[in-house]
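For the sequence shown, the residue numbers in the working numbering are 48 to 280.
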Amino acid sequence: MAPLVFELGDIRSLLANWAYVQSAMSINDPFHLTLDYTRAMMAFLLFKPLPNSIEIIGLGGGSLAKYCHKYLPDTAIRGVEVDPDIIAVGDQFYIPQASERFETIWSDGFDFVVQDERKADIILVDGFDKHGQPPQLCSLEFYRACRSRLNPGGIFVVNLCDHPWKHLPMLARMRECFGQILTLQVEEGMNRIVFAFKDRHLHFDRNGLLEVAKSLELTHPLPLASFAEELLW
48 MAPLVFELGD IRSLLANWAY VQSAMSINDP FHLTLDYTRA MMAFLLFKPL
98 PNSIEIIGLG GGSLAKYCHK YLPDTAIRGV EVDPDIIAVG DQFYIPQASE
148 RFETIWSDGF DFVVQDERKA DIILVDGFDK HGQPPQLCSL EFYRACRSRL
198 NPGGIFVVNL CDHPWKHLPM LARMRECFGQ ILTLQVEEGM NRIVFAFKDR
248 HLHFDRNGLL EVAKSLELTH PLPLASFAEE LLW
């Protein structure tokens with residue numbers, strides 16, 4: 048089934064089926080992160096405010112890509128999408144055009160991570176199909192490949208979306224691969240955002256992170272101080 052583009056008022060949505068919203072965009076403010084979980088994924092800024100490169104596995108309607116393209120003007124962005132029908136509707140969601148800074152790649156996310164030899168500072172994983180999260184994007188092999196392609200100081204961020212008990216095997220695999228992880232539970236829905244770090248045995252200073260958050264909120268329309276408090280409560 049081809050993806051559906053649906054409008055209700057100011058919101059244009061990309062639907063994998065009538066029950067599952069893949070992406071949502073404000074028509075009047077297309078760079079705004081409409082869905083709560085996408086704002087939570089941007090909490091990587093607390094640890095790496097100015098990444099040189101970001102990879103997005105599961106480009107979808109491009110919410111994360113658009114935000115990063117606008118608010119991180121010196122960052123190179125690669126968006127990976129397995130479904131050509133989703134890529135085909137990208138213009139309806141104002142996904143950035145190809146340039147030196149932005150690239151859309153038609154590929155399975157697992158294959159891209161395993162085969163592409165480039166490195167990244169940030170890897171954002173938001174890959175789903177009509178059945179949910181593909182098993183290959185939840186595997187230990189995938190997590191290891193992502194950790195390998197991160198630059199020193201890099202951060203792996205994944206959106207888990209299912210009943211909380213179903214998150215447990217993925218969390219265990221990420222701990223095995225990365226060591227320490229931090230998580231944000233999104234208030235609305237079943238999303239849990241996981242942050243894993245290339246460097247092991249990191250120490251996080253709560254007060255220092257809150258200061259970083261307050262500074263970043265001057266230029267980013269995100270509740271980063273709230274995210275910092277929840278991550279290190």
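We put the beta carbon where it would ideally sit given N, CA and C, even for glycine.
- Contact between the stretch 198-205 and the stretch 153-171 is present: 3 or more CB-CB pairs across the two stretches fall below 8 Å.
- Annotated three-state conformation of residue 99 is coil, per DSSP.
- Residue pairing of residue 254 in beta bridges, as defined by DSSP: absent, with no partner found.
- A distance below 6 Å between beta-carbons, with the five flanking residues on each side excluded, links residue 203 to the following residues of its chain, in chain order: 170, 193, 243.
- Excluding five sequence positions before and after residue 62, the CB atoms of its chain that fall closer than 7 Å to its own CB belong to 50, 51, 53, 68, 69, given in chain order.
- For the stretch 222-268, the full-length alpha helix (DSSP H) segments reaching 4 residues or more read 253-263 along the chain.
- Taking residue 149 as reference, the option from 130, 117, 180, 136 with the minimal CA-CA separation is 117.
- Judged by DSSP secondary structure, residue 278 falls within the alpha helix (DSSP H) whose first and last residues are 271-278.
- Secondary structure of residue 128 (DSSP, three-state): strand.
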